[in-house]
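Residues in the sequence shown are numbered from 10 upward in steps of one, following my numbering.
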Amino acid sequence: MQLHWHRRNLRPHPNPALSAALTAADRDDCRVVSVFVLDDAILSRANGLGVAFMLGSLRALRDWYRDHGSDLVIQRGDPIDVVARVTDVVGAERVVWNSDHSRLARERDRGVQRALARAGVAYASVPSGRPTEPASPAAASSDPEARLADVDALRVENEAVPRLADLDGATNDPAPLTAGTESARKRLRALSDGTTYRECDERVRRWVARYDGLFRPTAPP
């Protein structure tokens, strides 16, 4: 079993790590399970609009997996614990993910790598810009659906994609957001109309009104 860990790249293609997992599954005659971790350390640093876009992308990604006879495993928690736990439950022999060079990602990855090494599980961080990777899962496998695992049969814990209001601290923009060009156009129109960030603008206005006097130069005596 190959476990593919979705992180920034919430698309089935182009996705070098998913393509690598499907290629390995073809070679070893096994299956692929994909997981996404709702990491509170990241959610606490993200703004409401960014989190809303992520949730919309997760819904679209989950639909893709379900259309191909599988599912996207979603769990909330520390990635070090979640990835190790899902690896153990599904019996994965290798975990694959796209590389991320941000400081937070490097620290998180080192923790996951140590946990997998202790469990004797192989892992691979695939360069996101690798030019030799197939452009789509279909190019990596003659039949992706045959290589994606039936998640329901594995009895692995799986959560629904949460609403923005269900996530602590993500309150800047409660409106749902879906992935796609049309959704982006609607958001742009809302931004130009002054509706998207009305709450944020009101907070800024109150902050300026409160602290404006602190920054005014005092008249010389």
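Ideal Cβ placement from N, Cα and C applies to all residues, glycine included.
Item, Value
"As assigned by DSSP and simplified to three states, the class of residue 53", "coil"
"Residue span of the beta strand (DSSP E) that contains residue 81, given as start and end", "81-85"
"Cβ separation of residue 42 and residue 10, assumed to be a contact under 8 Å, to the nearest whole Å", "6 Å"
"Meets three-Cβ-pair contact criterion under 8 Å: the segment 54-64 and the segment 89-101", "no"
"Limits of the beta strand (DSSP E) - the one that residue 5 falls within", "Look at the range of the chain in this structure, 10 to 230, and you will see that residue 5 is not part of it."
"Contact set for residue 74: own chain, Cβ-Cβ below 6 Å, skip 5 residues either direction", "80 and 81"
"Close-in-space but distant-in-sequence residues of the same chain around residue 134 (CB under 7 Å, 5 per side omitted)", "106, 108 and 118"
"Cβ of residue 54 within 8 Å of any chain B Cβ", "Among the chains in the structure shown there is no chain B, since it carries only a single protein chain."
"Boundaries (first-last residue) of the alpha helix (DSSP H) holding residue 163", "160-163"
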